[in-house]
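In the working numbering, the protein residues as written are 19 to 407.
Built from N, CA and C at the ideal position, the CB exists for glycine as well.
One structure is given here, and the rest of the page talks about it.
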Amino acid sequence: MNSINLILQAKNDVGKSYFASILAEYFQSIHREFRAYDTNKSKNSLAKFSGLKVEPVELLDNNPAAFQMEFGKFFDMVIAKNEGAVIDTGADIFEPIVQYFVRNWDDKLIAENTKEIIFHTVIAGGDRLDDTINGLVTLCNKLPHKIKIVVWLNEYFGPIEVAGKPFEEFKIYENNREKIHGIIKIPEPNSDFFKADLLKKNALKMTFEEGIKSEEFYLISKQRLKMIQREIFDQLDQILLPTKELDYKQNAQDIAKNFDGKSQPQTLEKEMPTFDNILNEEAIAKFDAVVKAIFENHVKRLETMNALHLSEASNRAEIVVTQAAEYLTMQLNQAADGIFASTSNMLAAQISEANKAAGEAKQARNFAIIAVIIALFLIASFSLRQFLS
């Protein structure tokens with residue numbers, strides 16, 4: 019069932035928007051249809067997380083009656099949508115929202131509503147402890163009994179204890195166990211490295227998943243973010259998921275964890291009948307998502323292997339083509355050299371023959387000239403003798 023989750027506290031700067039972003043990311047991770055709304059107009063801190071579906075909402079708060087009407091319209095719209103909701107609020111509208119539920123909702127109406135209404139509030143340590151405890155007291159004393167309350171313990175500002183007693187031993191908790199549906203303990207970073215990673219992630223307005231995938235973080239920093247995310251999400255599972263769905267999720271995770279990629283598909287099919295009594299439509303969708311994720315992982319591996327084989331084949335083909343081209347070029351060069359040599363020899367022979375013929379012609383011409391000279395000389399000599407006689 020989709021739920022409407024409001025994050026409220028009468029004290030500013032205790033981590034409401036940060037926890038709202040975690041809650042929205044959690045619903046996103048379990049594939050719930052949801053939308054986040056940021057009604058804190060003074061900061062709009064949640065709306066700055068671009069990786070979440072966040073809509074800024076402008077509510078009139080300068081007049082109590084106007085606010086009641088505006089918030090009523092907004093809340094009716096949220097209920098009418100076929101999706102869950104995460105609503106971040108500011109300290110300035112804490113009391114008006116509480117009054118809206120006091121005046122307009124009772125246990126009967128809440129029980130008949132198709133969506134579960136959950137109030138999330140922050141208890142901060144250090145000098146913020148008293149103020150945030152007072153905010154919780156207001157919620158417990160004024161809200162209808164069937165509205166569930168989830169308490170987020172934030173020890174970033176200091177320990178949450180009174181006279182050495184933890185929150186679980188506070189009177190406010192002991193007297194309101196039926197109303198306080200669960201407690202989320204935000205792990206206090208045990209080293210400066212953890213703190214630095216969280217501060218950087220929040221400063222960049224990244225979800226855990228975005229931080230884990232971002233190049234802004236080194237591998238060890240990504241591992242630290244995974245550890246914190248897992249610890250918080252496991253607590254949210256225990257509080258927000260129905261028992262049957264929680265059991266199913268654990269079983270599905272065990273199957274996915276133990277699936278080594280070598281088992282046949284029948285391995286999963288044999289496991290499925292053990293869940294027949296607890297599966298609902300949403301659980302089936304989650305199981306399908308796990309199987310699909312496993313299948314997609316193997317497809318990606320195959321694609322990577324195919325890409326490697328294709329690259330290797332392409333490289334080999336390129337080598338073969340290059341070698342063939344080099345061989346063909348060598349053969350063409352050799353043929354061209356042969357043709358050039360043959361042509362040169364033929365030209366040389368022809369030139370030699372031409373030179374020989376030219377020499378012979380020159381010699382014959384010289385003989386002819388000598389013969390003519392001799393003939394002329396004889397004729398002249400004969401003519402001279404005739405004249406003298």
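Asked                                                                                             : Found
Span separating the alpha-carbon of Glu-51 from that of Val-155                                   : 32 Å
Start and end residues, beta strand (DSSP E) containing Asn-58                                    : Looking at the DSSP string, Asn-58 is not in any beta strand (DSSP E), and its letter there is neither H nor E.
Integer Cβ distance of Ile-201 from Leu-171, believed to fall under 8 Å                           : 6 Å
Identity of the residues DSSP links to Ser-21 by a beta bridge                                    : Glu-134
Cβ-based neighbour list, Glu-73, same chain, cut-off 8 Å, excluding 5 preceding and 5 following   : Arg-53, Ala-54, Tyr-55, Asp-56, Ala-65
Distance CB(Ile-111)-CB(Cys-158) smaller than 9 Å                                                 : no
Cβ-Cβ distance between Lys-166 and Ile-135 below 9 Å                                              : yes
Per-residue burial, Tyr-266 [other beta carbons within 10 Å of its own, 16 or more giving buried] : The pLDDT assigned to Tyr-266 is 49, lower than 50, so where the model puts this residue is not dependable, and the model offers no usable value.
Straight-line Cα distance separating Lys-133 from Phe-119                                         : 15 Å
Asn-152 burial status per 10 Å Cβ neighbour count (16 or more: buried)                            : exposed
Residue burial classification, Arg-146 (beta-carbon count within 10 angstroms, cutoff 16)         : buried
The region 175-193 in contact with the region 222-242 per 3-pair CB rule at 8 Å                   : no
Cβ pair Leu-243, Asp-210 closer than 9 Å                                                          : no
Cβ-Cβ distance between His-138 and Leu-26 below 9 Å                                               : yes
CA-to-CA distance, Ile-337 to Gln-253, given in whole angstroms                                   : 58 Å
Residue burial classification, Gly-377 (beta-carbon count within 10 angstroms, cutoff 16)         : exposed
C-beta contact flag for Lys-34 and Asp-106 at 9 Å                                                 : yes
Rounded straight-line distance, which links the Cα of Lys-374 to that of Val-390                  : 24 Å
For Leu-171, the first and last residue of its enclosing beta strand (DSSP E)                     : 166-172
Close beta carbons around Leu-24, own chain, < 6 Å, minus the five adjacent residues each side    : Ile-105, Phe-137
Phe-385 to Ile-392 span [Cα, whole Å]                                                             : 11 Å
DSSP state of Arg-195 mapped onto helix, strand, coil                                             : coil
Sequence ranges, alpha helix (DSSP H) only - wholly within the region 21-55, length at least 4    : 34-47
Pairwise C-alpha distance: Tyr-174 and Gly-143                                                    : 7 Å
Strand pairing of Val-72, partner residues [DSSP]                                                 : Ala-54
Pairwise C-alpha distance: Ala-359 and Leu-396                                                    : 55 Å
Rounded distance between the beta-carbons of Val-140 and Val-32, thought under 8 Å                : 5 Å
Environment of Glu-192 [buried if 16+ CB atoms lie within 10 Å]                                   : exposed
C-alpha gap between Ile-48 and Arg-121, whole angstroms                                           : 34 Å
Lys-29 and Ala-109 closer than 9 Å at C-beta                                                      : yes
Tyr-44 vs Ile-250 beta-carbon contact at 9 Å                                                      : yes
Exposed unless 16 or more other CB atoms sit within 10 angstroms - verdict on Ile-238             : exposed
Where the beta strand (DSSP E) through Ala-103 begins and ends                                    : 102-106
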